[in-house]
Each structure stands twice: as C-alpha cells, then as structure tokens.
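Enquirer:
There are 2 protein chains.
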Amino acid sequence: MTRYVAPIQDMRFALYDLLGADATMAGLRGGEVINRELIDAVLEEAGRFNEQVLAPLNQSGDAEGCHFDAETATVTSPKGFKQAYAQYVEGGWPGLNAPEAYGGQNLPHTIGVLVKEMIDSANLAWGTYPLLSNGASDALLTHAEEWQREVFLKPLVEGRWTGTMCLTEPQAGSDLGLLKTHAVAGKTEGTWCISGTKIFITAGEHDLAENIVHLVLARLPDAPAGSRGISMFIVPKFKVGRDGAMGERNAVACGSIEHKMGLKGSATCVMNFDGAEGYLIGQPHKGLAAMFTMMNAARLAVGIQGLSLIERALQNSLAYCRERLQMRALSGAVAPDKAADPIIVHPDVRRMLLTQRAFAEGGRALVLYAALQSDIHERSTDDAERARAGEVLGFLIPICKGLLTEISVECTYHAMQTYGGHGYIAEYGIEQFARDARITTIYEGTTQIQALDLLGRKVMQLQGAGLKHLLGDIAAFCQAHAGDEALGEFVGPLAVHAKTWSDLTQDLGKRAQSNPEEIGAAAVDYLFYSGYIVLAWIWARTAAVAGKSALPEAGRTAKLDTARFYFARILPRTHAHLAAMKSGIEGLPEVH
Amino acid sequence: MTRYVAPIQDMRFALYDLLGADATMAGLRGGEVINRELIDAVLEEAGRFNEQVLAPLNQSGDAEGCHFDAETATVTSPKGFKQAYAQYVEGGWPGLNAPEAYGGQNLPHTIGVLVKEMIDSANLAWGTYPLLSNGASDALLTHAEEWQREVFLKPLVEGRWTGTMCLTEPQAGSDLGLLKTHAVAGKTEGTWCISGTKIFITAGEHDLAENIVHLVLARLPDAPAGSRGISMFIVPKFKVGRDGAMGERNAVACGSIEHKMGLKGSATCVMNFDGAEGYLIGQPHKGLAAMFTMMNAARLAVGIQGLSLIERALQNSLAYCRERLQMRALSGAVAPDKAADPIIVHPDVRRMLLTQRAFAEGGRALVLYAALQSDIHERSTDDAERARAGEVLGFLIPICKGLLTEISVECTYHAMQTYGGHGYIAEYGIEQFARDARITTIYEGTTQIQALDLLGRKVMQLQGAGLKHLLGDIAAFCQAHAGDEALGEFVGPLAVHAKTWSDLTQDLGKRAQSNPEEIGAAAVDYLFYSGYIVLAWIWARTAAVAGKSALPEAGRTAKLDTARFYFARILPRTHAHLAAMKSGIEGLPEVH
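Protein chains in written order, with this note's numbering: chain A, 1120 to 1711; chain B, 1120 to 1711.
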C-alpha cells in the first residue's frame, strides 16, 4: 500500500513563515477567531482523518471502481466510501468554509485549501463526491433567491446532500454555447421542466448522500442562440418543495457511468433529464455568467488536485529511493556494507525527486497565496485591497489550474520512473497516481482553455491588471533584497526574468492586435512561462525566510537546496517557452 | 475503435528519398535481391496483415488482458492473439531478418524495422510475443554452439517456438550484478540445473507457440561476485535433446502474471526455475557480455515501440481534430456553415498535432538511419565502413531508445489532450496508447540507463567516436547547402547547434575528470539535447529533399511545414537542457 502523511510541517511553513497568512486572515472580516492554535488544530484533525480514513481506501477504490446497475439506474461507490463520507459529515468538514448563517464554520479558504489538499492526496476519487457540493454552494450563495438558499444550501453545508455541475453535453464541451438541454415552464408556478443529456457528470449519481442537487445549464424557450442563451437551474434528484420537504424521485436518472483511465472510484455519469422539475437560479440567460463566478473556486480546486498528487507521489517515491538498492554511486560506494547503494545517491534520481519536491512545496505556497487573495477579495474591509486581490487571483487561477495539473502529470511520471519496473505494476500503487493525474489537465477547462483565459482574457482584455500587481510585488521583493549577498543567486535571475516577462507580454499584445491568432499560438507557452516565473518568486521568497523559519535545521537546508535546484534546473525551461512564443503563429501552419 | 493505416507513403519517402537506403542495402552482402519492388511488396503485405489482423485486436486485448491459471501455471492470451500468431507464422514473418541457413529470408534490418513499426502500431501487446524471439535468435547466432543453433534457432526462425530473455530478479533490475539465480552441473553431461526466480519476464508463459526458449542469466558454482560472474543458459519450457526432439516439461513454471498500467495483452510473468535443465551458451561468466551484444537490437526495438505509438496516436488525434467541432477560430469562423469550427483551426491544437507529426516522421527516419548503420555494420564488405557504422549505431541506440520512448509518453499525452474528456474514456481507445507507452521508458534499460550509456560509455569511455562521425556528417550537410538560400532557415541554426553540442561535450568531459558524478548530473539532459539535434539534422535533410521527392504536392508542403515547426517550436527545448547541464552537479544536492 502507498503511504500518506499529511505534510503539516510544510503547510505551517508556508502559512506562517512564508506568507504570514495567519496575521492576514486575522485582519479580515470574521478573522477574530483565527490564530495558529486554531489552524494547527484543524490541520492536525484533518491530517488524522485523511491518513486514517481516506488514504487506506485509495488503492482499493481504484481496483474496485464504481458499480452501475442499469435496471435501477443506481451507482454504488467502492467499498468503504460511504462510511468514510459519514465520518466526514460527522466531523463537520463539509461546512468548513460555508457561512455560519447556513450552518458552516466560516473559516477562510486559505485554511480550506489545505484540508482539500489532504483529502485529494489521501483519496482523489473519494474527494470528487464532496467536491462539487462546494461549487453548488457557491452558486446558490451568490445567485439564488433566499428561499432557495434556505432549502438547498443548508443540507449541502451539512453534507446530507451533495451537489453537481451539469455543463457538458456530447457536442458541447469546451464550447458550452453549443448546448441543447432545454427548459419549458412547469405545471407548478415557478418550476421548469428540464430535458436533455449531460455527460461527464462527476458524482451525478451515488450512494453517499440522501439527495443530489444538480446545477444544470439549459436553454429557456425564448433563449438566444449560443452562450448568451444559457440559464442555470437547480434540479434535485428527489424533488424538493419550497418548504424544504423532500418528495418523490425527479425525472433525472443516470444512464451509465464511464470506464476511465483513472479516478475509477469517482462516478462519472451520463445524466438524462427527461422533463425533470427544477428551479431557475438567478437571471434568465445569465447562467454562463453565474457559472463563471464559481469558476475560480472550481479551477483552484483542480489545481489543488494536481498539487495533492504531486505531494503523495513524492512521499512514496522518496521512500522508495531511500530503500531500493541498485548500483554504486559513480564516485564510489556510499553504502559499502550493503549489496548496492540506495538509488537516491544517483544524480538523476535526485533530479527526479527534487523536481517533485520543488513543485509540491512551491505549488503549495502558490495555492495558498491564491487562496489568501481570494479571502482578501471576499473579506477585506478595504475596497482597494479587495479589488487588487481579485485581480491577482484572476491572474493566478489559470496558472494554478493549468500549471499544477500539467506538472502533476510530469511529477507522477517521475515518481513512477524512480520505481523502475515496479512503477508499472498496479500492486505498488504508484501508477494509479499517474492515471488519476491525467484527468486534471482536461476537466474544468483544459490547459488550452486555461491558457486562453490567462493570455486572452486576464492579460489582453483586462489589460493585465493582475500581472502588473505581481510584477510590482516581484520588483519590491528584489529591491528589498538588493543588498543581500546570500540571496543574490535568486534575486538577480528573478529580476531578469520579470523584466523579460513584462517585455514579452507587451510584445504579444502588439502582435495580437495585428492577428488575434497570435494569442492562440502563444497561450500555452505563456501559461507555463508565467507559472515558472511565479514559482521562481515563491522559491526566492522561500530562500529569504527559510533560515529564520520555525523549520528544523535539516528542513531549512532542504528549502535552500530546493530553491537552488529550482533556479538551476527548472527555471531554465522558460528559455524554451520564450523561443517558442517568439516564433509566433508562423511556426504553426495549417495541418491537413 | 481506433484506426490504423500503415504509413507506407512516409516509409517510402524516408527509405528512398531521404536516406537512399535501397541503394545502400543493394550494395551490401546479400543485397543483390534488394530493390524497390521487393521492398514495396513487403511493406504492402505487412500493411495488410497489420491493419486487418493485428490492429482490430488491440483494444479488445487491452480490455480482456491475459489470464493466469494458478493450478496449471498456464497463461491464456487475449481472444484472437493465438490465431493472429498462426497467421504471422504462416506469412513467414518470424524469419524476415534471419539467415537463410536457418530458414530465414535474410532481409536487412532496415526493412525489418518498418515491419516491426507496423506490428507495434497495430498491437503493441501482441508484438511482445514474437519480440524476444528475435533477441534470443541473435544471441544463439552469435554465441551458441552449432548444435544449439540447429536445435533451437530453426524453430524460433520458423515461429513454432518463441523466446524470452530472463534477466531481472526482485533485487536485480538495472543492476544485474546483484542477481542470485544459479546453476549446478546436471546429471547428463553438458547440462545444467538452473534455480531461481525471475520477474518481469515478457511472454514467459503463453499459449501461442508449442515451446518457449528461455535465455537465462545465472551464476555458475565458481562464479565471481557481481556482473563478472554471470553466465547465459538456454532453458526450454519443454526439454529438448541434442537431436532436437522435444521431451517432457522442464522444471520452469510461471508463478503469476503482473497486473500492469497498460500493455495488458502482454503476459509479464514471474518465472520460477526449480532445477530446470539448461545448456550453457558461450563462455562461462561471460553471460552479461553476450547479453550486451543483443542489447542494440533490443533497445532499438523498444525505441520502435515508442515510435509506433506516436504514429498510431497521431493518426487518431488528427482524425478527431478534423471532425470535432468546438468554438470558432480567434480570427473568425472558418466553417460558418457548421455549428462551430473543427478544433484543428486552433493554433494550440495544431501545435499538439505538429509535435506528434514531427516526432512520428522524424523518429521514423532516425530509426531507419540507425537500422541502416546496423546493416552496414553487419554486411558491408569494407572494414572501415563497418567499423564506422558500428560506432554511429552505438551512439544512436540510446538516443533512439531513450528519446523516442520519452517522446511517446509526451505525444500520447498530446493525442489524449486533443480528445478532451473523451480522451480519458476507455471506449475511445486513445488512453490505451498513453498507458502502453508508459512502460517503454522503463524496460530494456530506463531512460536513466540509456543516458548513462550515451554519455558515460559512448561519449566518455569510447571518446565519442560515434558523435564525431555524426558531427562530421552534419558539418558536411551544412557545407553542401551553405549557398542554398531556401535552406538557410535550417542550415544556419543546425550549424550553431552542432558547434554548441561539440563544445558542451568537451566541457562535460573535462568536468567528469574532476568529478564522475558530473556524468550522472548531465546524462539525461544530454540524451534529450543530443536527440533534438539529431532530429534537427534529419528535418533539415528532409527539407532539402522534400521538393524533389516522390511525395504528392501536399505531402511536400507538409514536410516543409513540419521542418519549420520543428525548428521553431521543438528545437528550442535544447536551451533548457543546455542551461540545466551547465548548472552541473551543484544543482543536484543530496536529498534527505
């Protein structure tokens, strides 16, 4: 069985030493309860639950998968999942970040994302069942009428019900404007009858909760064509009256579940809506906009999925490399008393381990930094600060989602590679991480979609407001440490990269004016490029604070070593991306 | 079902237009029968067999997998595999490259690798059953006594029997010096009793052939410790006398088969030798050296596996991108009569397709070039030419194996990504290629082992003889086209890269003298770096001949476009690898 230990020491480093997040959170609305004692208690309790309850079900859940019974249209989750969910509800975890008015604990996202990282590290497939309850809750909070919140939000926060997001249709994936599911007025005033087929619906049907709240995108009868004619509806599995009473089964049913490369413990459903009763949420035809307000949280959540797999794969890879004996170090035996040296002595094995560590720890700090922006954006009492945080967040979201998921594919690859042939064998459990990781670059918007959001929307349409703030922060950091010789190896290259990043962005803007295809030609490289520089900033900051941190001596050294590794071995990837972007659309001719 | 069409047009381009391989082969010993008519006939016949017989069994073989019956210790291959093997034998394919004296057709490897590419594209898992018959045949040809060749080689060439290579043990993978399997003198003069457990034995047990010839590495009683005490034995599944008569079952049995991430139709066996009767091949204690003489062919074979998956994934990805409608081109509708544009209009989709094409076609040319060196090495009448070809081949083998398998992981990733969510669903068949590809960077020596072979052995120990020839060839090419303006965009950058490559190699040599760990620190980056430059040479050559080739007009344009794409978008990856190598061992500190 693969191991998992909640990385609480590094979480505390990132929260307290690197970001000072506890102080920031304490200064926000509702922050009076926030202190290290509380945070540590949450992390330790979450660590126990995830290590002891969810992690042991990860491999068995993958091997068993979900069961679909066509006759009853029901889905049975893998053994133990239902019991674990009951414990999760009992522990009060579903409402961690929800408002107290609806039964939640109102804790900041910055704490929530760490709990989420643990859940996904422990058991990514299991984590997809509560996952979209959060998205549904957000949508209800922001767009629903008060009675809808009363009726639907409370059971979601409590965890008695779970939520879904029903967007994709066979002909409409990245392009939701093509969707065909439609609604007509229902018999009861204020209800709608929704009909159509949705695919790839995560947790669309399962046995963990007593009801499922589907948020469905569909067209009203008078809807304009395309993405401006989409409305959002609540369609519960069991009908729910305005009084909150659960009634008969609604006309929505699971048609089948997908057989997937990985994430096998998660039920990915075809959902058939056959005149199912639902309620409109928010304004008619504004469903896509409403969906977009949930997007930041949902995309950050998938970025965390990437991070979580990097972390768990690293833990196992590191343990294996310490134990596995094979060959001698090139410069002579390191463990002459053994039959061979542990493979961790080989430089390229170290390269694979350090790559994983650089992205696990750097990625964690990045996610936390983004979550902190989201808390500031929602809870600061200063309007200018709120606006700024929103802009930074908007810029960082596609990077968190796009980069950390792509890197999770890379890092789970490295972890497998360190296992040699054993990495390919299901019994060792490491190949599951690679299969599970592979969906994260696809769902909730592919890397290509994230890249267009970053370069096309966040940079071009919004004049790069978020980027300007980040460049300002990087410049301020470099300025503050200009005289610090010990940091010169980080600050110098970081300043050069920031300048190039800024120039490149200007240049791409000019090119896009003469040909919008230039955006598509550069977008994915721009996402990687930007992500690597943001992580360089994080690693430079890490190097600056590690020595003064609460980490033990070995941990401080490891931070500095990893920062050096990042600058020496990872950051140079920017050169390749930069050259690719400079070649422009001309390098991407038509393909026949 | 996924599609597969043998890419005969591109094979002919690479053979005839790019490499002039038909003329070269015709000039070698036994080459009088070689002409385009013969080659075309072989390719077309192989194309038919692979498209019609093997390709349709690929997805079903993956879904079904192999069956192990513990009671009888037998393995049943997926439905249809046995019948397909019978057709393969009937078609005379097993003996394509074997000497006529043992029933083969004695055709050059350059033709054989194309047939092999087709087999692996059509059905990689099926291809592993005959795969090691070739390795076993090579070993017998080179190292066995005449009676052993008579008895064992002929049935292998005929395809009545198949072969295995039994190297790995639980504690001995990359490091064969640690192996424990041992041999004691048998009751009958000249026989040995072999005992031990081997793991990861491809096609160790199956139902396709009437006997299985295991080539087993084991220790003689007086063997020195480590890799200098290993001998090679023939151990057949059914005992075989010196007269060739098949006798009773030998004391070797399959203990179990592995459950793997992919390649599920291939039986990966634990093989228990329990005093099994065998014959020594070659000299005592020289088994590892004998094994190494087979290594070039075996490693090239795995490189071809990588290539074959790139090709098949590309074919399906391309078809999907032409058909799937999603969003409009950024510069306006391309197919206004349709609900959306085909996704092939989006620049990043083209980037993913062109990446696959650049490596499929460039990789094919690389493999053919290497195979041609191997034919020259074996069959030229000119000793100097033979030696030179052997040196070039030795240098190219770890690149073919290491780079093409790594790139097959990347390219099957791209292919999946172009499918979006459908890429993750087993039904569409594309995710199988990604799972199958993942083993290729591990078995037959991991990428790390290939990299150490390239930089540590082929460059450092052998003074880079192969590299010098290649650099000479590249310089000659650049010289010959120095005045050709149309090729300037390729020749210029290629010359610069070749110079940097040469300088870098010198520099690494110097550094390795002061610290051998520098080799391990640079090796994997050096492998990628060298591979990208070799492929740049191939694409520059392609650009030089495409216009004069037998390709149709669209094919010529595509070659030039792909060459430009390669130089604009792929070759810049060398920048990142170069910077990583320059940072040296210091960037790879100890990991705790």
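Note that CB positions come from ideal geometry on N, CA and C, so glycine has one too. Fair warning: this is a prediction, and the values are worked out from it, not measured in the lab.
Please classify B/K1618 as buried or exposed, where buried requires at least 16 other C-beta atoms within 10 Å of its C-beta.
Expert: exposed
Enquirer: Rounded to whole angstroms, what's the CA-CA distance from A/D1680 to A/H1600? Just pull it up for me.
Expert: 19 Å
Enquirer: Roughly how many angstroms lie between the CA atoms of B/A1304 and B/A1438, to the nearest whole one?
Expert: 60 Å
Enquirer: Once the 5 residues before and after B/G1509 are set aside, which same chain residues still bring their CB inside 7 Å of it?
Expert: H1496
Enquirer: Determine contact between the segment 1131-1151 of chain B and the segment 1240-1249 of chain B, defined as no fewer than three beta-carbon pairs at a distance below 8 Å.
Expert: no
Enquirer: Output yes if chain A places a C-beta closer than 9 Å to the C-beta of B/C1285; else output no.
Expert: no
Enquirer: By the DSSP assignment, the alpha helix (DSSP H) with B/R1470 in it spans what residues?
Expert: P1466 to R1498
Enquirer: Alpha carbon to alpha carbon, what distance is there between B/M1120 and A/H1711?
Expert: 22 Å
Enquirer: Do you know offhand how far B/Q1178's Cα is from B/G1548's?
Expert: 7 Å
Enquirer: Taking C-beta pairs closer than 7 Å, name the residues in chain A that B/E1608 reaches, listed in chain order.
Expert: Ordered by position in chain A, no residue passes the 7 Å Cβ test against B/E1608, which lies about 11 Å from the chain.
Enquirer: Is any beta-carbon of chain A found at less than 9 Å from that of B/K1618?
Expert: So, not an interface residue.
Enquirer: Look up B/L1334 in the DSSP assignment and give the residues it is bridged to.
Expert: B/M1284 and B/I1353
Enquirer: Please decide whether B/I1526 counts as near chain A, where near means a Cβ-Cβ distance under 9 Å.
Expert: False, the Cβ-Cβ gap to chain A never drops below 9 Å.
Enquirer: Between B/S1450 and chain A, is any beta-carbon pair separated by less than 9 Å?
Expert: yes
Enquirer: Could you check the C-alpha separation between A/M1414 and A/G1583 for me, to the nearest Å?
Expert: 19 Å
Enquirer: Give, in chain order, every residue of the segment 1680-1708 of chain A whose Cβ lies closer than 7 Å to some Cβ of chain C.
Expert: Absent here is chain C; the protein component of the structure consists of chains A and B.
Enquirer: Could you please tell me which residues of the segment 1373-1395 of chain A, in chain order, have their CB closer than 7 Å to any CB of chain B?
Expert: E1377, H1378, K1379 and M1380
Enquirer: With DSSP as the reference, label A/D1644 as helix, strand or coil.
Expert: helix
Enquirer: Do B/S1350 and B/H1404 come within 9 Å of each other at the CB atom, strictly closer than that value?
Expert: The answer is yes: Cβ separation under 9 Å.
Enquirer: Quick test of the definition: if touching needs 3 or more C-beta pairs under 8 Å, does the segment 1425-1438 of chain B touch the segment 1572-1589 of chain B?
Expert: no
Enquirer: So what's A/V1389 in DSSP terms, helix, strand or just coil?
Expert: Note: A/V1389 maps to strand in three-state DSSP.
Enquirer: What are the boundary residues of the alpha helix (DSSP H) that includes B/A1438?
Expert: First-last of the alpha helix (DSSP H) with B/A1438: G1406 to E1442.
Enquirer: So is B/P1343 buried or exposed if we call it buried at 16+ other beta carbons inside 10 Å?
Expert: Under this definition B/P1343 is an exposed residue.
Enquirer: With a threshold of 9 Å between beta carbons, is A/V1161 in contact with chain B?
Expert: no
Enquirer: When you check each C-beta in the segment 1546-1568 of chain A against every C-beta of chain B, which residues fall closer than 8 Å?
Expert: E1546, E1550, A1553, R1554, R1557, I1558, T1560, I1561, Y1562, T1565, T1566 and Q1567
Enquirer: Under 9 Å between the Cβ atoms of A/Q1781 and B/Q1475?
Expert: This structure cannot settle anything about residue 1781 of chain A, because the visible part of chain A is limited to 1120 through 1711.
Enquirer: Assuming contact is defined by CB atoms lying nearer than 9 Å, are A/W1658 and A/F1686 in contact in what I supplied?
Expert: yes
Enquirer: Would you call the segment 1542-1559 of chain A and the segment 1465-1483 of chain A in contact, with 3 or more CB pairs under 8 Å?
Expert: no
Enquirer: Does any C-beta atom of chain B lie closer than 9 Å to the C-beta of A/E1073?
Expert: Absent from the model: residue 1073 of chain A. The displayed extent of chain A is 1120 to 1711, so no value can be given.
Enquirer: Rounded to the nearest angstrom, what separates A/C1388 and B/T1693 at their Cα positions?
Expert: In this structure, the straight-line span from the alpha carbon of A/C1388 to that of B/T1693 is close to 43 Å.
Enquirer: Is A/V1172 buried or exposed, if buried means 16 or more other CB atoms sit within 10 Å of its CB?
Expert: buried
Enquirer: Can you confirm whether A/F1132, when its beta carbon is compared against all beta carbons of chain B, has any partner nearer than 9 Å?
Expert: The beta-carbon of A/F1132 is placed no less than 9 Å from the nearest beta-carbon of chain B.
Enquirer: At which residues does the beta strand (DSSP E) containing A/K1457 begin and terminate?
Expert: A/K1457 -> no beta strand (DSSP E), and no H or E assigned at all.
Enquirer: Determine the closest residue to A/E1546 out of A/D1136, A/D1181 and A/M1284, with distance taken between C-alpha atoms.
Expert: A/D1181
Enquirer: I'd like to know if the segment 1517-1525 of chain A and the segment 1479-1493 of chain A are in contact, where contact means that at least 3 CB-CB pairs between them fall below 8 Å.
Expert: yes
Enquirer: Using a beta-carbon distance below 9 Å, is A/C1519 in contact with chain B?
Expert: no
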